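If you want the numbering used here, it's the position in the sequence shown, counting the first as 1, plus 36.
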Amino acid sequence: MLGNYFGPRETGISIILFTLLYRWKKWLGYTFLGITFCCALLYGFVGLTYGHIDKNAVDALLFTNHEEAFEYASSVPLSVFAWYGALCFLGGATIFYLRRHPRFLQNTGTGTVIVALSLFVALSSSTYIKNLSRGIPSHWWDLKGTEIHFTHDVYSAFQSSSQGRNKFSIFNRHADWQATSGEKINTYVLILGESARRDFFGAYGAPWANTPWLSEENGLLFQNYLSASAGTAPSLSRQLYLKSDQADFNPAYNLITLAKSAGFHTVWISAQGERGGADSPISVVAKMADEYTFIADNLNPLNKLIKKTDFDLLQPFHQALAYPGKKLIVLHLLGSHPQACRRTDDQYTEFFRSKELSCYIESLRNTDRLAQSVTDALKQEERLHGRHWSILFTADHGFGFHYRSKRLVFETYG
Numbered sequence: 037m038l039g040n041y042f043g044p045r046e047t048g049i050s051i052i053l054f055t056l057l058y059r060w061k062k063w064l065g066y067t068f069l070g071i072t073f074c075c076a077l078l079y080g081f082v083g084l085t086y087g088h089i090d091k092n093a094v095d096a097l098l099f100t101n102h103e104e105a106f107e108y109a110s111s112v113p114l115s116v117f118a119w120y121g122a123l124c125f126l127g128g129a130t131i132f133y134l135r136r137h138p139r140f141l142q143n144t145g146t147g148t149v150i151v152a153l154s155l156f157v158a159l160s161s162s163t164y165i166k167n168l169s170r171g172i173p174s175h176w177w178d179l180k181g182t183e184i185h186f187t188h189d190v191y192s193a194f195q196s197s198s199q200g201r202n203k204f205s206i207f208n209r210h211a212d213w214q215a216t217s218g219e220k221i222n223t224y225v226l227i228l229g230e231s232a233r234r235d236f237f238g239a240y241g242a243p244w245a246n247t248p249w250l251s252e253e254n255g256l257l258f259q260n261y262l263s264a265s266a267g268t269a270p271s272l273s274r275q276l277y278l279k280s281d282q283a284d285f286n287p288a289y290n291l292i293t294l295a296k297s298a299g300f301h302t303v304w305i306s307a308q309g310e311r312g313g314a315d316s317p318i319s320v321v322a323k324m325a326d327e328y329t330f331i332a333d334n335l336n337p338l339n340k341l342i343k344k345t346d347f348d349l350l351q352p353f354h355q356a357l358a359y360p361g362k363k364l365i366v367l368h369l370l371g372s373h374p375q376a377c378r379r380t381d382d383q384y385t386e387f388f389r390s391k392e393l394s395c396y397i398e399s400l401r402n403t404d405r406l407a408q409s410v411t412d413a414l415k416q417e418e419r420l421h422g423r424h425w426s427i428l429f430t431a432d433h434g435f436g437f438h439y440r441s442k443r444l445v446f447e448t449y450g
């Protein structure tokens, strides 16, 4: 299930487990292989688009009609079909090879089996043992492994769906908005910040000049707006969807479909991962846009090596800005998400209490610079083409911090 559900470690655990089962009893190995491939095939379309299975995916399974399913399938990228082809080829090749060489895995010696079993235990139980050693309550789903997490997530998703009130498919794109727009504003830009506490902005009175542009730019600073939640998904769900916490919630009614109904070309550009269970409500609305770009794929192992920053959003933003008609452009930032020093390459201008908190202050300075670059581009468009614009910056939530064992600990939920 690599690329569909979990990363290299979980996939390696599955390979070791298959090897051990096949060596013991061939039919057990084939059964395990068949179940794994069937799960990957059944969940692949949604998994490759939205990530780990959750309540939204189960609601889609239970309440999607044929029209919605066809519309969704027609919008699936070709890369997903290519992945399906590769998966079917890999499964067929594995079975063909084992049929031609039935003694291949069964000829392994006892020493190899002991090494494989040791690797399996070490890789699958490291988090479980670490939690036990720290006195943190541990559960069976803390054991690493695609099959373990998939089973737990399916069970939890069905439980949440049966207890929840959302009976609408996440694939529903149809909304009967009756929206109109004035002719004055040609371009709207919404910047969604990340983990940004207002009281750490210099523009809001913090004792450091980390927001020079925001402090000087002519605009309106909201003083009394509070985040809807401490986590990204529940907070942005309330910002982006209509009635997201009510019984008659329908995901089709969101900011993107509202802008479309008013005749705006919609573009979503994100520095956050394209796929992941916690963020799937945001991915859903993002992928309803006319164009969407995710500069980071959190299921791609290479992105752990190739670090992306918010400034990588500027190139696709300039491309979106070239669209001649009315447009809404949403920029979803990595912002100041812990660990903040990863956002600033361990660099900071002033020290405040700890290195991480100093990096956090610096990360807000980076956000300020990004917002200035976006605004400068909008001003240039207005000078060259007379296109009026409006920009709004908001954040999903802030974060809390306290000292634990003389070490500063950050608390955030996504």
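Virtual Cβ for every residue (Gly too), placed ideally from N, Cα, C.
Source: prediction; values computed, not measured.
query = At which residue ranges does the region 261-320 contain complete alpha helix (DSSP H) runs of 4 or more residues, listed in the order of the chain?
reply = 268-276, 291-297
query = How about L406 and F347: are their beta carbons less than 8 Å apart?
reply = yes
query = Considering only C-alpha positions, which residue in the set L57, K363, S50, T55 is nearest to A76?
reply = S50
ask   = What's the C-alpha gap between F353 and K61?
value = 56 Å
query = Rounded to whole angstroms, how far is the Cβ of I227 from the Cβ of L367, which I believe are closer than 8 Å?
reply = 5 Å
query = For T385, which three-state DSSP category applies?
reply = coil
query = Should K323 be labelled buried (16 or more other beta-carbon atoms within 10 Å of its own) or exposed?
reply = buried
query = Taking the alpha carbon of A431 as the point to measure from, which residue in L262, P360, T247 has its own alpha carbon closest?
reply = L262
query = Buried or exposed: G229, going by 16 or more other Cβ atoms within 10 Å of its Cβ?
reply = buried
request  = With a cut-off of 8 Å on the beta carbons, I'd call I292 and T329 a contact; round off their distance for me.
outcome  = With 8 Å as the limit, I292 and T329 do not qualify as a contact, their Cβ atoms being about 14 Å apart.
task = Drop a sphere of 10 angstroms on the beta-carbon of F300, count the other beta-carbons inside from all chains shown, and report buried for 16 or more, exposed for fewer.
result = buried
message = Assuming S394 is part of the alpha helix (DSSP H), what are its boundary residues?
response = 391-421
message = On the DSSP bridge list, what partners appear for Y224?
response = L364, S426
Identity of the residues DSSP links to A332 by a beta bridge = G309
task = List the whole-angstrom C-beta distance separating G434 from S231, where the pair is believed to meet the contact cut-off of C-beta under 8 Å.
result = 7 Å
query = If you run the structure through DSSP and keep just helix, strand and coil, what is E252?
reply = helix
task = Kindly identify the DSSP beta-bridge partner or partners of A431.
result = G229
inquiry  = Under DSSP, the alpha helix (DSSP H) around L357 begins and ends at which residues?
reply    = 350-357
task = Check G241 in the structure and name its three-state DSSP category.
result = coil
ask   = Hey, C395 and D404: beta-carbon distance below 8 Å or not?
value = no
request  = Answer with buried or exposed for E252, where buried requires no fewer than 16 other C-beta atoms within 10 angstroms of its C-beta.
outcome  = exposed
task = Express the C-alpha separation of A211 and A288 in angstroms, rounding to a whole number.
result = 6 Å
ask   = Is the distance from the Cβ of T247 to the Cβ of F237 below 8 Å?
value = yes
task = Could you pull out every residue in the same chain whose Cβ sits closer than 6 Å to the Cβ of L364, ignoring the five residues on either side in sequence?
result = Y224, A295, F300, T302
key: Endpoints, the alpha helix (DSSP H) within which R378 is located   = 376-379
key: Which listed residue (L78, T187, W63) has its alpha carbon closest to that of I131   = W63
ask   = In angstroms, rounded to a whole number, what distance separates the CA positions of I71 and V321?
value = 32 Å
task = Could you check if V410 is buried or exposed, using at least 16 other CB atoms within 10 Å of its CB as the buried criterion?
result = buried
message = Out of V116, L414, A413, T380, which one is the CA nearest neighbour of E398?
response = T380
query = How many Å lie between D412 and R234 at the Cα?
reply = 23 Å
request  = Please list, in chain order, all residues of the same chain as A376 whose beta carbon is under 7 Å from its beta carbon, the five residues on each side excluded.
outcome  = E392, C395, Y396, S399
query = Near E327, which residues of its chain fall below 6 Å by C-beta distance, leaving aside the five closest residues on each side in sequence?
reply = V303
query = Does any CB atom of chain B fall closer than 8 Å to the CB of R389?
reply = The structure shown contains no chain B; it holds only a single protein chain.
request  = Take I150 as the anchor and find which of T385, R274, E386, T55 has the nearest alpha-carbon.
outcome  = T55
request  = Since I believe Q308 is in contact with A451 (beta carbons under 8 Å), could you give me their beta-carbon distance rounded to a whole number of angstroms?
outcome  = With the chain covering only 37 through 450, there is no way to say anything about residue 451.
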